[in-house]
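Down below is the structure, laid out as structure tokens.
2 protein chains.
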Amino acid sequence: MMSAIEKLQELLFELTGVSAEDSLPLFAGVSMVDLGNTQTYIPMGSVSRKVAYIQSGIIRAYTVKANGDDATLFIRNEGQFIASHDSIIFNQPSRFTYHALAPTTLLEIDYDVLEEIFKSHPVYEPLRNFFLMKMLGETLTHIETFVTRSPEERYRTLVTTQSDLVNRVPDKYLASMLGITPVSLSRIRKRMHQK
Amino acid sequence: MMSAIEKLQELLFELTGVSAEDSLPLFAGVSMVDLGNTQTYIPMGSVSRKVAYIQSGIIRAYTVKANGDDATLFIRNEGQFIASHDSIIFNQPSRFTYHALAPTTLLEIDYDVLEEIFKSHPVYEPLRNFFLMKMLGETLTHIETFVTRSPEERYRTLVTTQSDLVNRVPDKYLASMLGITPVSLSRIRKRMHQK
DNA sequence: TATGTTCGTTAACAAAAGATAATAAGTGAA
DNA sequence: TTCACTTATTATCTTTTGTTAACGAACATA
Chain A
1 MMSAIEKLQE LLFELTGVSA EDSLPLFAGV SMVDLGNTQT YIPMGSVSRK
51 VAYIQSGIIR AYTVKANGDD ATLFIRNEGQ FIASHDSIIF NQPSRFTYHA
101 LAPTTLLEID YDVLEEIFKS HPVYEPLRNF FLMKMLGETL THIETFVTRS
151 PEERYRTLVT TQSDLVNRVP DKYLASMLGI TPVSLSRIRK RMHQK
Chain B
1 MMSAIEKLQE LLFELTGVSA EDSLPLFAGV SMVDLGNTQT YIPMGSVSRK
51 VAYIQSGIIR AYTVKANGDD ATLFIRNEGQ FIASHDSIIF NQPSRFTYHA
101 LAPTTLLEID YDVLEEIFKS HPVYEPLRNF FLMKMLGETL THIETFVTRS
151 PEERYRTLVT TQSDLVNRVP DKYLASMLGI TPVSLSRIRK RMHQK
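Residue numbers (the working numbering), protein chains in the order written: chain A, 1 to 195; chain B, 1 to 195.
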């Protein structure tokens, strides 16, 4: 069983050719964060210039709508990265709260420290592009589901492509991520069972 | 009036400190593409590893849904970048067609040439990160509108934040971008006029 | 200018989603 | 185990959207 850091080191080697032994500058700034179920990692309104790798667990980013309900921007699990894009990209307090939907362990590093490392060790640069492009691709694919599919189709897609999340995350959060109410998701599930 | 290239050179200088005179390696590979209204730039099913800056005009990316209707991933105009993320990020033929919604002029460069330039002239690297992060931020904001707002609210947002597009683009494309039918958008507009 | 074509609106109906409330099932903590 | 709280389902009603079709206006082109 490979550890999270070993996985990251392997990816680093594939992308940059830097060996695990030479990866110290990059991993020196990394620290581990443990979160209990439902615990908040980044509260709405705060500034967090951290980038975190999910070693284990699940993180949901959500904001609160005008009507008081919450709206889920994304739910990510093991092997994915999270960060407050408001803080890092838009230089503003986070309009989203990031919290754990299961006991979660993160490997986090300060984005500005990371910037310095990229500047002083340009060999790591491909890693940054890899993650940015990966996230951009995933995010575009996410938009695609909203314009090409109905709520029921989006739920079906979720079940087939992210069955791990569907099994581990309460339906109300899945509904919120699909842009519908929990009541509506329950009806969709009922319709699906009937056929 | 600043030309498109001058604007890009100014941005380059802000981000990297490279002067316009020293920007030749970057701009040497750039070529100009003119498109008539409705003309296709990247057809669905093709591979295009080009990155293009919209000097003037409007580009829409769309795919065809199961029911035959088309679904719009995004509509971009002057000053924005477009590229086939299927080709460049996912290494697969484009599931989207990119076409002009007005007479359009693009400044395009081959992505692989660009990669070589970034490799041989690392000083340009901040430019790449700037655009990737800008696009990632915009794309996340786009998802946000789908989970936090109703179709009517999404249209209202579009009218206030992108009035240029609303005025220049036929409603049926706006509807498709909002994830609703043209009929439904027409009803939304009617409801809005009544209040 | 004439003439097809495309586009936006409206109508009618079916289907789905939102809002609210009640209830059952499941969960966690004392 | 008990009890409170959370979550999922179901019901009812209202609102909105999808679908299809018809119509007129706007548009482009011959």
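No residue lacks a Cβ here, since even glycine has one placed at the ideal position from N, Cα and C.
Keep in mind that this is a model prediction, so the values were computed, not measured.
With a threshold of 8 Å between beta carbons, is residue 50/B in contact with chain A?
Translated into the one-based positions of the second sequence, residue 50/B becomes position 50. Not an interface residue.
I think residue 136/B touches residue 193/A, with their Cβ atoms under 8 Å apart; what is that distance to the nearest whole Å?
Along the second sequence, one-based indexing puts residue 136/B at 136. Along the first sequence, one-based indexing puts residue 193/A at 193. Going by Cβ atoms, the distance from residue 136/B to residue 193/A rounds to 38 Å, so no, they are not a contact pair.
Residue range of the unbroken alpha helix (DSSP H) whose run includes residue 192/B
Position 192 of the second sequence, counting from 1, holds the residue named residue 192/B. 182-193 is the span of the alpha helix (DSSP H), which, as asked, contains residue 192/B.
Say whether chain B places a C-beta atom closer than 8 Å to the C-beta of residue 128/A.
As a first step, residue 128/A is located in the first sequence; it is residue number 128 there, counting from the start. So, interface residue.
Test: residue 147/B CB closer than 8 Å to a CB of chain A:
The residue labelled residue 147/B in the question sits at position 147 within the second sequence. Interface with chain A (8 Å Cβ-Cβ cutoff): residue 147/B is included.
Along the chain, where does the alpha helix (DSSP H) containing residue 139/A start, and where does it finish?
For the purposes of this step, residue 139/A is taken as residue 139 along the first sequence, with counting starting at 1. From DSSP, the alpha helix (DSSP H) with residue 139/A extends over 125-148.
Using a Cβ cut-off of 8 Å (strictly closer), state whether residue 161/B contacts chain A.
Residue 161/B sits at position 161 when you count from the first residue of the second sequence. Chain A, which has no Cβ nearer than 8 Å to the Cβ of residue 161/B, makes this no.
State the Cα-Cα distance for the pair residue 125/A and residue 113/A, rounded to the nearest angstrom.
Looking up residue 125/A in the first sequence gives position 125. Looking up residue 113/A in the first sequence gives position 113. Taking the straight line from one Cα to the other gives about 14 Å.
Give, in chain order, every residue of the stretch 110-134 of chain B whose Cβ lies closer than 7 Å to some Cβ of chain A.
Within the stretch 110-134 of chain B, those residues whose Cβ lies closer than 7 Å to any Cβ of chain A are, in chain order, 122, 125, 128, 129, 132, 133.
Listed by chain order, chain A residues near residue 144/B by CB distance under 7 Å:
Your numbering for residue 144/B matches position 144 in the second sequence. The answer, in chain order, is 73.
Which of helix, strand or coil DSSP assigns to residue 85/A:
Taking the first sequence and counting its residues from 1, one reaches residue 85/A at position 85. Residue 85/A falls in the helix class under three-state DSSP.
Within 8 Å, strictly: CB atoms of residue 71/A and residue 62/A
Here residue 71/A is taken as the residue at index 71 of the first sequence, counted from 1. Here residue 62/A is taken as the residue at index 62 of the first sequence, counted from 1. Closer than 8 Å, so yes.
Residues that residue 90/A contacts on chain B, provided the C-beta gap is smaller than 9 Å
For the purposes of this step, residue 90/A is taken as the residue at position 90 of the first sequence. Taking a Cβ-Cβ cut-off of 9 Å, the neighbours of residue 90/A in chain B comprise 137, 141, given in sequence order.
Any C-beta of chain B within less than 9 Å: which residues of the stretch 164-190 of chain A qualify?
Hits within the stretch, in order: 176, 177, 178, 179.
Go ahead and pull the three-state DSSP assignment for residue 108/B.
Walking along the second sequence from the start, residue 108/B turns up at place 108. In the structure shown, residue 108/B sits in a strand (DSSP, three-state: E or B).
Chain-ordered neighbours of residue 85/A on chain B, where CB pairs are closer than 8 Å
Position 85 of the first sequence, counting from 1, holds the residue named residue 85/A. The answer, in chain order, is 136, 137, 140.
Does the beta-carbon of residue 66/A have 16 or more other beta-carbons within 10 angstroms, so that it is buried, or is it exposed?
Mapped onto the first sequence, residue 66/A falls at position 66. Residue 66/A is exposed by the Cβ-count criterion.
Which residues share a DSSP beta bridge with residue 50/A?
Numbered from its first residue, the first sequence carries residue 50/A at position 50. Under DSSP, residue 50/A forms a beta bridge with 110/A.
Under the three-state DSSP convention, the category residue 37/B falls into
Looking up residue 37/B in the second sequence gives position 37. Here residue 37/B sits in coil by DSSP.
So for residue 56/A, helix, strand or coil by DSSP?
Against the first sequence, residue 56/A aligns to sequence position 56. Under the three-state reduction of DSSP, residue 56/A is assigned to strand.
Spell out the partners DSSP gives residue 98/A in its beta bridges.
Looking up residue 98/A in the first sequence gives position 98. Residue 98/A is bridged to 42/A, 61/A.
If you measure between the beta carbons of residue 142/A and residue 180/B, is that distance less than 8 Å?
Residue mapping note: residue 142/A aligns to position 142 of the first sequence, counting from 1. Residue mapping note: residue 180/B aligns to position 180 of the second sequence, counting from 1. Not closer than 8 Å, so no.
Rounded to whole angstroms, what is the Cα-Cα separation between residue 116/B and residue 130/A?
Indexing the second sequence from 1 puts residue 116/B at position 116. Indexing the first sequence from 1 puts residue 130/A at position 130. Between the alpha carbons of residue 116/B and residue 130/A lies a distance of about 16 Å.
Buried or exposed for residue 50/A, going by 16 or more other Cβ atoms inside 10 Å?
Position 50 of the first sequence, counted from the start, is the residue given in the question as residue 50/A. That one is buried.
With H, G and I counted as helix, E and B as strand and the rest as coil, what does DSSP make of residue 167/A?
By 1-based counting over the first sequence, the position of residue 167/A is 167. Reduced to three states, the DSSP call for residue 167/A is helix.
Any 3 or more C-beta pairs closer than 8 Å across the stretch 88-103 of chain B and the stretch 167-182 of chain A:
Short answer: they don't touch.
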